[in-house]
Amino acid sequence: MNTQNSTITKLAETALMAALCYVSFTFLQIKIPVPGGDATSIHIGNAFCVLAALLIGGVYGGLSGAIGMGIADLMDPVYITGAPKTFVLKFCIGLITGLVAHKIAKINESTDKKYVFKWSVIASVAGLAFNVVADPIVGYFYKQYILGQPQELAQALAKMSAVATLFNAVVSVILVAVIYNAVRPVLIKSHLLTITGKKKEQAA
């Protein structure tokens with residue numbers, strides 16, 4: 065596959081994963097109202113952001129999550145003011161997941177199922193752990209200093225967000241581990257996994 069076709073394929077895959085991020089967040093979330101007319105939610109949108117990073121790389125995966133869930137925020141009156149924060153954080157989730165999976169572990173070069181499973185989980189945990197820490201902290205400063213919310217309200221929202229984000233992260237890690245390791249062999253055989261390089265056996 066030449067470079068131009070590879071880029072077009074990755075862009076198409078990015079659009080597909082962005083759509084999955086959008087749909088999973090918009091239609092499969094459990095919204096939890098919080099004081100001040102805001103809300104947090106239980107959702108699996110981050111799972112598809114991480115899955116995208118594992119399948120098509122950190123940059124494209126991050127863009128999938130950023131675009132998909134960023135648009136979802138823009139389409140929801142409750143979340144619209146948080147869209148810029150969402151875009152940045154989801155992009156970072158993808159970058160970190162991709163960094164661990166493809167730059168450090170190089171799972172795209174391995175056919176060892178145990179090795180790939182282990183590092184796909186580690187990469188997922190790394191990306192989502194960042195979000196568990198960053199989301200409430202960034203959210204606190206964003207709501208207080210950008211949106212002008214009172215400090216007490218911003219603190220309360222950050223605490224509630226931290227709990228929901230942690231729950232979402234645990235569910236997402238499990239979901240991604242199952243889906244990624246199930247579809248990866250199929251995509252490789254179908255020549256749809258565009259990041260697959262030299263497939264070297266590696267010890268777990």
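Just add 64 to the spot in the sequence shown (first one is 1) and you have the working numbering.
Note that CB positions come from ideal geometry on N, CA and C, so glycine has one too.
Asked	Found
Pro200 - DSSP class collapsed to helix/strand/coil	helix
Contact check, Leu116 vs Gly109, beta carbons under 8 Å	Residue identity differs from the one stated: residue 116 is Ala in this sequence, not Leu. In this structure, Gly109 does not lie closer than 8 Å to Ala116 by Cβ.
Environment of Gln213 [buried if 16+ CB atoms lie within 10 Å]	buried
Distance, Gln208 Cα to Thr78 Cα	33 Å
Residues that Ile96 bridges to, as DSSP identifies them	Thr104
Residues near Pro200 by beta carbon distance below 6 Å, same chain, minus five either side	Ala222, Ser225, Ala226
Rounded Cβ spacing between Ala147 and Leu138 (contact assumed at less than 8 Å)	5 Å
Nonlocal neighbours in the same chain, by C-beta distance under 6 Å from Ala82, ignoring five residues either side	Ser128, Ile131, Gly132
Ala190 to Gly134 span [Cα, whole Å]	21 Å
Proximity of Ala228 and Ile106 at Cβ, strictly below 8 Å	yes
DSSP-derived helix/strand/coil call for Ser254	coil
Spatial neighbours of Phe151 in its chain, beta-carbon cut-off 7 Å, leaving aside the 5 residues before and after	Ala130, Gly134
Pick from Leu256, Ile243, Gly158 that is closest to Phe194, judged by C-alpha positions	Gly158
For Ile131, the first and last residue of its enclosing alpha helix (DSSP H)	122-138
Residue burial classification, Ile160 (beta-carbon count within 10 angstroms, cutoff 16)	buried
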